[in-house]
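Everything on this sheet refers to the single structure shown next.
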Amino acid sequence: MIQLYPWFLIIMNGITEGKIMEDKIEKIGRSTIQHGKSNNRIYLLKLNPADSQMIVPELDNLAKKEGYTKIVTKIHTEALPHFISAGYIMEAYIPRFYNGNTDCVLASRFLDKKREQSPKGQLQPFFKLFDSVNGSNHLNGLEDYQIRKLNELDAVAVTEVFKQVFETYPFPVHKPEYILKTMQSKSALYYGVWDGDRLIGVSTAETDFENKNAEMTDFAVLPEYRGKQLASHLLALMESDVKAAGIKTAYTIARLSQPGMNKTFMKAAYNYSGTLVNNTNIGGSIESMNIFYKHL
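Heads up, the sequence shown is in the UniProt record's numbering, so the first residue is 1 and it goes up one at a time.
So, in structure tokens, the structure goes:
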């Protein structure tokens, strides 16, 4: 049975011109899912092992009821056979994801042939990036800017940056109340770069202290400040902080269409492990996303 997940119910949204589409976070059994028309998918965010068998038909029934074209799951490797037998394919993986020991698999089922089509036109240039990235990740100084962890007083400034950078996003980062709630719950640590009193770059570490992993995400730098390695500086600070807090594995879900962010993670010694095809509504359309990981 699907149960409403407390405070996230009404604030998961994607924004397009003059139109708001809500994605919800809910419970199936003891597991957590996100679903909605914005991404036109179900995302199994956290699978409780006790739900491994029952959740597969539940996801299928919900997808058929709502007309979703993709189900993507983030699961322990032990649960993978249940999903493979139901028509799922493995799109990516993250070794030692859970407590630095057990591997994670991102397995998906496509319910529409068009959505399953591989973005070959973007994948070929992406693979060429590996030849252009050397092992050095030298960072220039930030003499003209200040970089620090953000707090609740910065919530409005954070949303203003996100509004300027992302036309749509899979989570409601355009809303100060969402930023505040994630800050207060300690589920997300926010970092920013300042030019005087102007916030010009933001990133987030979404932390799972129970399983000792963190997603390095929500990188947003104002257009006029790009090309200054600000994302790399933010990533370095986040890595240092979460490692000190006991996080063992960092990962990211990066837009295939954005070579700059992919290079940022390559230069920081992250490993590429797969692409989630036509996965996320970001920047105004459904895009494919690359998975990178690093053991801290």
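Backbone N, C-alpha and C define an ideal beta-carbon position, used for all residues, glycine too.
Nearest-angstrom Cα distance between residue i and residue j?
{"i": "D112", "j": "K70", "result": "7 Å"}
{"i": "I247", "j": "Y98", "result": "10 Å"}
{"i": "T43", "j": "G196", "result": "What sits at residue 43 in the sequence shown is Tyr, not Thr. Roughly 39 Å separates the two Cα atoms."}
{"i": "A79", "j": "N101", "result": "15 Å"}
{"i": "H35", "j": "F127", "result": "31 Å"}
{"i": "K212", "j": "T249", "result": "7 Å"}
{"i": "G283", "j": "Y169", "result": "7 Å"}
{"i": "N40", "j": "A86", "result": "20 Å"}
{"i": "H76", "j": "K64", "result": "25 Å"}
{"i": "S203", "j": "M216", "result": "7 Å"}
{"i": "N271", "j": "L123", "result": "16 Å"}
{"i": "E177", "j": "A268", "result": "32 Å"}
{"i": "S257", "j": "F265", "result": "14 Å"}
{"i": "K114", "j": "D208", "result": "34 Å"}
{"i": "A245", "j": "D60", "result": "38 Å"}
{"i": "Y68", "j": "G141", "result": "46 Å"}
Using 10 angstroms around the beta-carbon of residue i, count the other beta-carbons present and answer buried if the total reaches 16, otherwise exposed.
{"i": "T280", "result": "buried"}
{"i": "V156", "result": "exposed"}
{"i": "N48", "result": "exposed"}
{"i": "N278", "result": "buried"}
{"i": "R109", "result": "buried"}
{"i": "H233", "result": "buried"}
{"i": "L139", "result": "exposed"}
{"i": "P81", "result": "exposed"}
{"i": "S288", "result": "buried"}
{"i": "N290", "result": "buried"}
{"i": "residue 297", "result": "What the structure shows of the chain is the stretch from 1 to 296, and residue 297 is not part of that stretch, so it cannot be assessed."}
So, helix, strand or coil for residue i, using DSSP?
{"i": "L59", "result": "helix"}
{"i": "I89", "result": "strand"}
{"i": "L47", "result": "coil"}
{"i": "T77", "result": "helix"}
{"i": "G18", "result": "Annotation note: pLDDT 32 at G18 (below 50); position unreliable, coordinate value reported separately. Coil."}
{"i": "T145", "result": "Checking the sequence, you will find Tyr at residue 145 rather than Thr. Coil."}
{"i": "residue 356", "result": "The structure shown does not extend to residue 356, since the chain is modelled only from 1 through 296, so no value can be given for it."}
{"i": "residue 365", "result": "A question about residue 365 goes unanswered here, because the residues of the chain that appear run from 1 up to 296."}
{"i": "P68", "result": "First, the residue type needs correcting, since residue 68 is Tyr and not Pro in the sequence shown. In this structure, Y68 counts as coil in the three-state DSSP scheme."}
{"i": "H138", "result": "coil"}
State the start and end residues of the unbroken beta strand (DSSP E) segment that holds residue i.
{"i": "A214", "result": "N213 to V221"}
{"i": "T168", "result": "Element bounds for T168: n/a, residue is neither H nor E."}
{"i": "Y272", "result": "N271 to I282"}
{"i": "A245", "result": "Element bounds for A245: n/a, residue is neither H nor E."}
{"i": "G201", "result": "R198 to D208"}
{"i": "M289", "result": "S285 to H295"}
Locate the alpha helix (DSSP H) running through residue i, then write down its first and last residues.
{"i": "N262", "result": "P259 to K267"}
{"i": "D131", "result": "K120 to S132"}
{"i": "T159", "result": "A155 to V165"}
My understanding is that residue i touches residue j, with C-beta atoms under 8 Å, so please give their C-beta distance in whole angstroms.
{"i": "V133", "j": "A220", "result": "Contact flag wrong, Cβ pair sits at about 22 Å."}
{"i": "Q164", "j": "L222", "result": "6 Å"}
{"i": "I55", "j": "Y293", "result": "Actually they do not touch by this definition, with Cβ atoms about 24 Å apart."}
{"i": "I253", "j": "V193", "result": "Going by Cβ atoms, the distance from I253 to V193 rounds to 22 Å, so no, they are not a contact pair."}
{"i": "K243", "j": "L296", "result": "4 Å"}
{"i": "G274", "j": "E91", "result": "5 Å"}
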